[in-house]
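Shown next, in structure tokens, is the structure this report addresses.
Residue numbers (this note's numbering), protein chains in the order written: chain A, 5 to 149; chain B, 24 to 254.
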């Protein structure tokens, strides 16, 4: 801590070597750190296709399916009122809801939130309706818009 | 400004030092640690082995971030590390080269200890823990080899796990125990994974602790001829 600068040739040579080694080690440490940071940055997941469609025959009346749409889970149902799709994340704390065909409603397993088949809240803690994802049935295919 | 920062840093250092005694500890064990005169390159091998061990731990933890231990996905996850993840190839190859370097350095270390007679009294426990560490290193290399679940690793493990079979009576039982079944299966991969990333590293670190503690307690072995009063 309290080193004084010595002007004798030997001392300055020692100082030069000292700082050279320190500098090289710092460079090496920085390069390694850069490598590790780049390694750990989440790599982008390639989405297979932007235009998603599923055959209507995959979900007969009363059933549902969960698909990956733009990286998030979307639940598609074939209920009494026809085909509809919602962002499957519950509006309370983001758990994935499931479709209960007997009651024609969505049920969230985390805190027992319930939604009807248009996504409106029936009971439980969710503050708002499920987010609608627009779909259309074209030639027996459910097409995501 | 700089003097203020320096003052605060010193105050923090004093605060830590008062509660840990780190100043005297660094002085005694690091900056003013006395070693015997005339040390040569052969004395660096233990430190080199420690460096390789640390590199293996760092690269191993990084590989663990992307590796998936399952027969379905492990090969694909290794391919992803090699081809897609930035610097993944470097980290995986470092881990593989490091495993070879570890055995190479340990054998050289052992040779120097044998030739200089450093294993003799009172250093027997240091020697025995060192021997155990060599065998554990071989075991960790062996268990790590299966993890990519490639053709090479699958068949190499099939052949190597067959080795204990000719042992009378208990041979087939040992083979079954290592494989977790009659043949190499997903269970084999899982038990090798558990051994490779948890069990063996934990035991190795504990033994390295004992080994280094004894090296410091007993001091570095000095084989230079002494004036014998008794002879």
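The beta carbon of each residue, even a glycine, is placed where N, CA and C say it ideally should be.
query	result
Between the CA atoms of residue 76 of chain B and residue 143 of chain B - distance to the nearest angstrom	26 angstroms
Close Cβ partners of residue 199 of chain B (< 7 angstroms) along its chain, the five nearest in sequence each way excluded	205
For residue 61 of chain A, three-class secondary structure by DSSP	helix
As assigned by DSSP and simplified to three states, the class of residue 243 of chain B	coil
Residues that DSSP places opposite residue 140 of chain A in a beta bridge	A:147
Positions along the stretch 23-44 of chain A whose CB lies within less than 7 angstroms of some CB in chain B	39, 40, 42, 43 and 44
Cut-off 6 angstroms between Cβ atoms - residues of its own chain near residue 215 of chain B, not counting five sequence neighbours on either side	166 and 169
Nearest-angstrom Cα separation, counted from residue 38 of chain A out to residue 139 of chain B	42 angstroms
Alpha-carbon spacing of residue 126 of chain A relative to residue 148 of chain A, whole angstroms	26 angstroms
Residue 91 of chain B beta carbon less than 9 angstroms from that of residue 152 of chain B	no
Residue nearest to residue 73 of chain A in terms of C-alpha spacing, selected from A:136, A:47, A:109 and A:24	A:136
Reference residue 140 of chain A; option with closest CA among A:111, A:43, A:80 and A:30	A:80
Test: residue 5 of chain A CB closer than 9 angstroms to a CB of chain B	Caution is warranted here: a pLDDT of 49 is assigned to residue 5 of chain A, below 50, making its placement in the model unreliable, and the coordinate value is therefore given only provisionally. Output row for residue 5 of chain A: interface = yes.
Nearest-angstrom Cα separation, counted from residue 229 of chain B out to residue 243 of chain B	20 angstroms
Where residue 94 of chain B sits in the DSSP three-state scheme	coil
Closer than 9 angstroms to chain A by CB, residue 88 of chain B	yes
Contact list for the stretch 73-106 of chain B against chain C, Cβ threshold 7 angstroms	This model lacks chain C altogether, as its protein chains are A and B.
Cα-Cα separation, residue 32 of chain A to residue 134 of chain A	51 angstroms
Sequence-distant residues of its chain with Cβ nearer than 7 angstroms to residue 173 of chain B (five each side left out)	98
Beta-carbon proximity list for residue 59 of chain A, same chain, < 7 angstroms, skipping 5 on both sides	144 and 145
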